[in-house]
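Residue numbers in the sequence shown follow numbering that gives the first Met the number 0, run continuously in steps of one, and reach 255 at the last position.
Below is one structure; the comments refer to it alone.
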Amino acid sequence: MAWMGKILGGTVGWSFGGPLGAVIGAAIGNHFDQSSDSAGNQRAYRQQNNLNQQEEKQTIFFTSIFSMLAKFAQADGAVTRTEIKTIDRFIKNELKLQGEARKLAIKIFDEAKRKDDSFEEYAQQFYDNFKNEQTLVLGMFDLLMKVAVADNDFHHKEEQYIKKAKNIFKISDSQYQSIRSQYVDTNDLEKYYQILECSPEADFKEVKRKYRQKAKDFHPDNVIGKGLPEEFVDFAEEEFKKINEAYEKIKAEETA
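What follows is the structure, encoded as structure tokens:
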């Protein structure tokens, strides 16, 4: 949580612009005039900022998820009490954020909710920063899908946002089905094949190859090492478990 301590302690400047920079700046009380975002000023901000590259990526990831969720909650035109409870439950139970991490998440959510920037703008800035880290892009998409179905009602407007994210993040149809199958009803065995992005007709050699690649990509140490905030470690571990479970279920079916 080093990045969060530096930010909350006021020891860093604001080093990334755009809508996400405005949200995190306002959330921590550091207000900057975006109109003065010249190259010279950006260099000055960076000189103030003692976040290393990894910590800056973690800050952007953390800010992105709660900014996008704020727009998600407004998908039907208003943020209801039920939606607020769903987000708070997601923060506490799914991401297991507590203390200062939870408070900052809520501040970011509230600030993004008030701003006129769109879901697409937040999603695009996130993708621009992480487009070379496909595992993190897929992880973000998974988090959005998890929230979309958290109330057991995959609303058509939420699905529209999911599809917007799919397009912005350049997620393939097979990747989309792999993630969607985990949350929307489907045949169990079919779901396991989709998690590994395999066809049920694939031979076991192909299943094993896909499993090894996804297990490597989504190993918690690897995911966090690429820029996922430490506060999301439980999420990374859960994704890794799903991949292992899918492989074991298919393997058991093959040897039955």
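Even for Gly, the Cβ is constructed at its ideal location relative to N, Cα and C.
- For lysine 156 and lysine 163, the gap between their C-alpha atoms comes out near 11 Å.
- The residue among Glu158, Val222 and Gln57 with its C-alpha nearest the C-alpha of alanine 100 is Gln57.
- Assignment of glycine 98 by DSSP, reduced to helix, strand and coil, places it in the helix class.
- Taking the Cα positions, isoleucine 83 is about 43 Å away from alanine 201.
- Here phenylalanine 129 is actually not in contact with leucine 137; their C-beta atoms are around 10 Å apart, not less than 8 Å.
- Runs of the alpha helix (DSSP H) lying entirely within the stretch 149 to 198 and spanning at least 4 residues, in chain order: 155 to 167, 172 to 179 and 187 to 194.
- Residues of the same chain with a CB within less than 7 Å of the CB of aspartate 216, apart from the 5 flanking positions on each side, are Thr134 in chain order.
- Counted as a single uninterrupted DSSP element, the stretch harbouring glutamine 73 is not any alpha helix (DSSP H), since DSSP gives it neither H nor E.
- Per the coordinates, the alpha-carbon of lysine 190 lies some 32 Å from the alpha-carbon of glutamine 97.
- For arginine 179, the CB contacts under 7 Å within the same chain, skipping 5 residues up- and downstream, are Met144 in chain order.
- In the structure shown, lysine 56 adopts helical secondary structure according to DSSP, grouped into three states.
- DSSP places isoleucine 27 in the coil class of the three-state scheme, outside both helix and strand.
- Here glutamine 159 is exposed, its C-beta having fewer than 16 other C-beta atoms within 10 Å.
- The beta carbon of valine 22 sits closer than 7 Å to the beta carbons of Thr62, Ser66, Ile107, Glu110, Ala111 and Lys114 from its chain, once the five residues preceding and following it are set aside; these are given in chain order.
- Straight-line spacing of the CA atoms in glutamate 93 and tyrosine 182 works out to 14 Å.
- Runs of the alpha helix (DSSP H) lying entirely within the stretch 111 to 149, each at least 4 residues long, are 118 to 129 and 133 to 147 in chain order.
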